[in-house]
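*Asks:*
In my numbering, the protein residues as written are 99 to 260.
1. Any idea which residues DSSP pairs residue 223 with across the strands?
2. Just tell me which of 212, 258, 246, 185 has its CA closest to the CA of residue 223.
3. So the alpha helix (DSSP H) residue 258 belongs to, where does it begin and stop?
4. Determine whether the beta carbon atoms of residue 175 and residue 186 lie at a separation below 8 Å.
5. What are the residues that DSSP puts in a beta bridge with residue 114?
6. Suppose the cutoff is 8 Å on Cβ atoms and the five residues either side in sequence are ignored; what does the same chain contact list for residue 148 look like?
7. In the DSSP output, which residue or residues are listed as bridge partners for residue 140?
8. Just to confirm my understanding: we take residue 241, look at its own chain, exclude 5 residues before and 5 after, and list those with CB closer than 8 Å. What are they?
9. Check the C-beta distance from residue 276 over to residue 165 and give it rounded, since I have them as a contact under 8 Å.
10. Going by CA-CA distance only, name the one from 152, 161, 126, 244 that's closest to residue 109.
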């Protein structure tokens, strides 16, 4: 359902966090890009290690960038000691979209069972920029993008621009 303030042509920055993958091996980042392309513009696509300081710097730079409406990260949301994405992004958010993580885990449970509880997927906003942080699994990325993110992106972006 379209609302009066829904945004069109949303601009997205994609960030893959991985200590092991290269661009050629980044199926999750490529999947995000591919799913966005029909209706939205990917303005940046970058990879980096899951380092809290570098992640914070990159997120802050994109929040200040007028070309970026939405930031989607993938990777680093698990329970291992290396996974720093959730705690780093949570500190940056002005408003957390609690329902995103809850709904993602609920729908993931249908596919992977109790392992879904190990995901720390998170979403929210900083100023007028929305941020979604997804697991690195390509199946998880497809679920989040198709079922949760793409359906609300125009409305959420319109709300943040008010």
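Don't be surprised by glycine CBs; every beta carbon is placed ideally from N, CA and C.
In this text, all values refer to a predicted model and were calculated from it rather than measured experimentally.
*Replies:* Reading from the atomic positions:
1. As a position in the chain shown, residue 223 is number 125, starting the count at 1. Answer by DSSP bridge pairing, in chain order: 193, 228.
2. Taking the chain shown and counting its residues from 1, one reaches residue 223 at position 125. Cα-wise, what sits closest to residue 223 is 258.
3. Your numbering for residue 258 matches position 160 in the chain shown. Where residue 258 is concerned, the enclosing alpha helix (DSSP H) stretches over 248-259.
4. Working through the chain shown from its first residue, we reach residue 175 at position 77. Working through the chain shown from its first residue, we reach residue 186 at position 88. No, the pair does not count as a contact, with Cβ atoms beyond the cut-off.
5. Your numbering for residue 114 matches position 16 in the chain shown. BP columns for residue 114 point to 145, 172.
6. By 1-based counting over the chain shown, the position of residue 148 is 50. Closer than 8 Å at Cβ, skipping near neighbours: 115, 116, 117, 173, 174, 180, 181, 182, 183.
7. Taking the chain shown and counting its residues from 1, the one referred to as residue 140 is at position 42. In DSSP, residue 140 forms a bridge with 110.
8. By 1-based counting over the chain shown, the position of residue 241 is 143. Result list for residue 241: 202, 205, 206, 209, in chain order.
9. Outside the shown range of the chain (99 to 260) lies residue 276, about which nothing can therefore be said.
10. Translated into positions along the chain shown, residue 109 becomes position 11. When each option's Cα is compared against that of residue 109, the closest is 161.
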